[in-house]
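Structure, as structure tokens:
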Amino acid sequence: MKFPLYFSRKIAFSKDNKNNLSRVIIFIGRLSVALGIIVSLITVATGLGSKKAIKERLADFSGHITVRSTRSNSSYNTSVLDNQGLNISKIKELPDVETVQKYATVTGIMRNEHNFAGIIFKGIGKDFDSLRFKKFLLAGTTPKVTEVGFNNDVAISQKVANDLHLKVNDSIVTVFLKTDQKPIYRKFKIIGIYRTDIKMIDEQFVIGGINHVRKILDMKGDEIGGVDIFLKNVNDIDKDFPDIEKLIGYKNYAEKATEKFPQINDWISIFDTNIALIIIIMLIVVVINIIMVLLILIIERTNSIGLLKTLGANNAQIRATFINYTLIIMIPGLLYGNAIGLGLILIQKFFGVIKLNPENYYVSTVPVDLNPIAIVSISLGILAISALALIIPSYLISKISPVKAIKYN
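Take the position in the sequence shown, starting the count at 1, then add 108; the result is the number in the numbering used here.
Below, the structure written as structure tokens:
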């Protein structure tokens, strides 16, 4: 075993540390490291968890990537999807694509004696992924669509249900307006109530049969307004987007889930900045504390430094000894910090102790993401950066004279 590592371990595990200033210094150093690890782990876990949860909710409701006609522009009354160049079969064959479902949308107004609500009626077909939608259901079921005739069953959001005092099995009249034509009235039966926690979705969307939209918008029996494409992994959206764009034709356009609601995309991007800022602040605090620990330990053990120099140890060996000593001191702090931090994260993951207002945060509980790479990187990163930061202050050892150090009390 090399001398610096051997001697640093002897000092670190020496019983003398229990009755002098080293005990307090070591405690402060370990405490700062543990707090830095705890705060960093919680920040990364909640930041990544929030980004992932919001993306997944957006994507699971309206598709990771959506294809629409360029004639639709920003209107919620979809235009007929152009078939020229559109190859849905090849899109389904892409390795990262899980499911593809067709839809069409039209705007309307739901009203009763209690209130009224402007809605976007999203007509779905028989290929609708009801299992994916099931996670949003609070009561009832998803509308069963066969595309034969008209199915009057719909699922509405909890927000709309509360505003109109509706519950499962209630009926509601919806008015659809067409330019220069009389209003079109439809009576629907509420068979499901859902909640995504995404305000822009919950305030507007009603799920029902696509034939209603075809009838209202004068579409033919097999025409559709768009295609929702679901990928196997929400993180593959950017990677797969160019491949899908090549298969949709020049009269249609593709849109990522996060691009549909720019304000949510801006909100998500804030997490990256916050995560980086908090980790940098905690890293600075840890490094400053560790440097102070090193300096105090050097001052406290001036006699030992002088004795080592007298016995032939050079400055590099002694510096390495004290850097190793300080890093060994950090290890219990790393272990305790990881244990406490991961414990708090797991409690939140399985019990959802901390709640949020979905109108402001788009999720009802603080989501967490246990990313093993991020967890290991935080501990190794703090350890490595602390080791580098200790190099410069360790040069104080080279200024200590052996003769004066041995006389130092």
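Glycine included, each C-beta is placed from N, C-alpha and C at the ideal position.
Nothing here was measured: the structure is a model prediction, and the numbers come from that model.
Selection from the options that minimises the alpha carbon distance to residue i
i: PHE169; options: ALA495, ILE337, ASN468; result: ILE337
i: LYS223; options: LEU274, TYR211, SER180; result: The sequence given here has Asn at residue 223, not Lys. When each option's Cα is compared against that of ASN223, the closest is LEU274.
i: ILE264; options: SER180, ILE315, LYS110; result: ILE315
i: ASP235; options: VAL208, LYS507, MET218; result: VAL208
i: ILE309; options: THR366, VAL335, GLY317; result: THR366
i: VAL205; options: ASN382, THR154, VAL283, ASN343; result: ASN343
i: ASN220; options: THR282, ILE136, LYS364; result: THR282
i: VAL395; options: ARG303, SER140, LYS463, TYR470; result: SER140
i: ASN195; options: ASP271, ILE301, GLY157, LYS359; result: LYS359
i: PHE284; options: LYS297, VAL262, GLY226; result: GLY226
i: SER84; options: ILE299, LYS267, PRO291; result: Summary: the structure shown does not reach residue 84, with the chain confined to residues 109 through 517, and so no result is reported for it.
i: ILE199; options: ILE173, GLY445, MET218; result: ILE173
i: GLN606; options: ILE448, LEU450, GLU408, ILE499; result: Because the chain is modelled from 109 through 517, residue 606 falls outside the range shown and cannot be assessed.
i: LEU246; options: SER197, ILE493, LYS267; result: LYS267
i: SER377; options: VAL147, LYS160, ILE136; result: LYS160
i: THR249; options: ASN277, ASP271, LEU272; result: ASN277
i: ILE431; options: TYR503, GLY193, GLN312, PHE313; result: TYR503
i: VAL132; options: GLU408, LEU452, LEU488; result: GLU408
i: VAL335; options: GLY451, ILE356, THR381, PHE296; result: ILE356
i: SER487; options: LEU443, TYR469, PRO203; result: LEU443
i: ILE134; options: MET438, VAL461, PRO480; result: MET438
i: LEU202; options: ALA495, ILE345, ARG427, SER180; result: ILE345
i: ALA495; options: GLY155, THR429, ARG179, LEU452; result: THR429
Limits of the alpha helix (DSSP H) - the one that residue i falls within
i: ASN432; result: 423-459
i: ASP348; result: 345-353
i: ASP58; result: Nothing can be reported for residue 58, as the shown portion of the chain is limited to 109 through 517.
i: GLY489; result: 480-497
i: ASP403; result: Residue 403 is actually Leu in this sequence, not Asp. Unbroken alpha helix (DSSP H) run through LEU403: 370-408.
i: TYR469; result: 466-469
Alpha-carbon to alpha-carbon, residue j and residue i
i: GLU353; j: LYS347; result: 11 angstroms
i: LEU491; j: LEU435; result: 7 angstroms
i: GLN289; j: TRP375; result: 41 angstroms
i: SER485; j: LEU339; result: 28 angstroms
i: ASN319; j: PHE369; result: 27 angstroms
i: LYS110; j: GLY144; result: 31 angstroms
i: ASN423; j: PRO466; result: 59 angstroms
i: PRO501; j: LYS507; result: 11 angstroms
i: ALA362; j: ASP305; result: 25 angstroms
i: PRO440; j: VAL175; result: 53 angstroms
i: ALA269; j: ARG138; result: 53 angstroms
i: GLY329; j: PHE349; result: 29 angstroms
i: ILE150; j: ALA421; result: 43 angstroms
i: TYR184; j: PHE229; result: 9 angstroms
i: ALA153; j: LYS463; result: 16 angstroms
i: GLY445; j: MET218; result: 53 angstroms
i: ASN341; j: ALA142; result: 34 angstroms
i: ILE493; j: GLN312; result: 50 angstroms
i: GLY333; j: ASP271; result: 28 angstroms
i: LYS286; j: SER158; result: 40 angstroms
i: ASP317; j: LYS210; result: The sequence given here places Gly at residue 317; Asp does not occur at that position. Distance between the alpha carbons of GLY317 and LYS210: 11 angstroms.
i: TYR470; j: ARG303; result: 11 angstroms
i: ASP261; j: PHE296; result: 6 angstroms
i: PRO251; j: ALA447; result: 46 angstroms
i: ASP351; j: ASN468; result: 34 angstroms
Residue i: first and last residue of the uninterrupted beta strand (DSSP E) it sits in
i: LYS200; result: It is not in any beta strand (DSSP E) - LYS200 instead sits in the alpha helix (DSSP H) that spans 196-201.
i: ALA362; result: 360-364
i: ASP261; result: 261-265
i: LEU504; result: Premise fails: LEU504 is in no beta strand (DSSP E) and is neither H nor E.
i: SER177; result: 173-177
i: ARG219; result: 205-219
i: VAL314; result: 313-317
i: GLY337; result: Checking the displayed sequence, the identity of residue 337 turns out to be Ile instead of Gly. Start and end: 334-339.
heavy atom of the ligand GDP below 8 angstroms from residue i C-beta
i: ARG240; result: This structure lacks the ligand GDP, and indeed carries no ligand of any kind.
Does the segment 324-333 come within contact of the segment 163-171, defined as at least 3 CB pairs closer than 8 angstroms? no
Touch check for the segment 386-400 and the segment 236-244: three-plus C-beta pairs under 8 angstroms? no
Three or more C-beta pairs closer than 8 angstroms, one from the segment 182-195 and one from the segment 403-421: is that the case here? no
How do the segment 400-407 and the segment 214-228 stand: do at least 3 beta-carbon pairs fall below 8 angstroms, yes or no? no
May I ask you to verify whether the segment 468-480 touches the segment 449-458, counting CB pairs closer than 8 angstroms and requiring at least 3? yes
Can you check the segment 225-291 for any alpha helix (DSSP H) of at least 4 residues that lies completely inside it and give the ranges in chain order? 238-241, 266-272
With a threshold of 8 angstroms, are at least 3 pairs of Cβ atoms found where one atom belongs to the segment 254-273 and the other to the segment 225-235? yes
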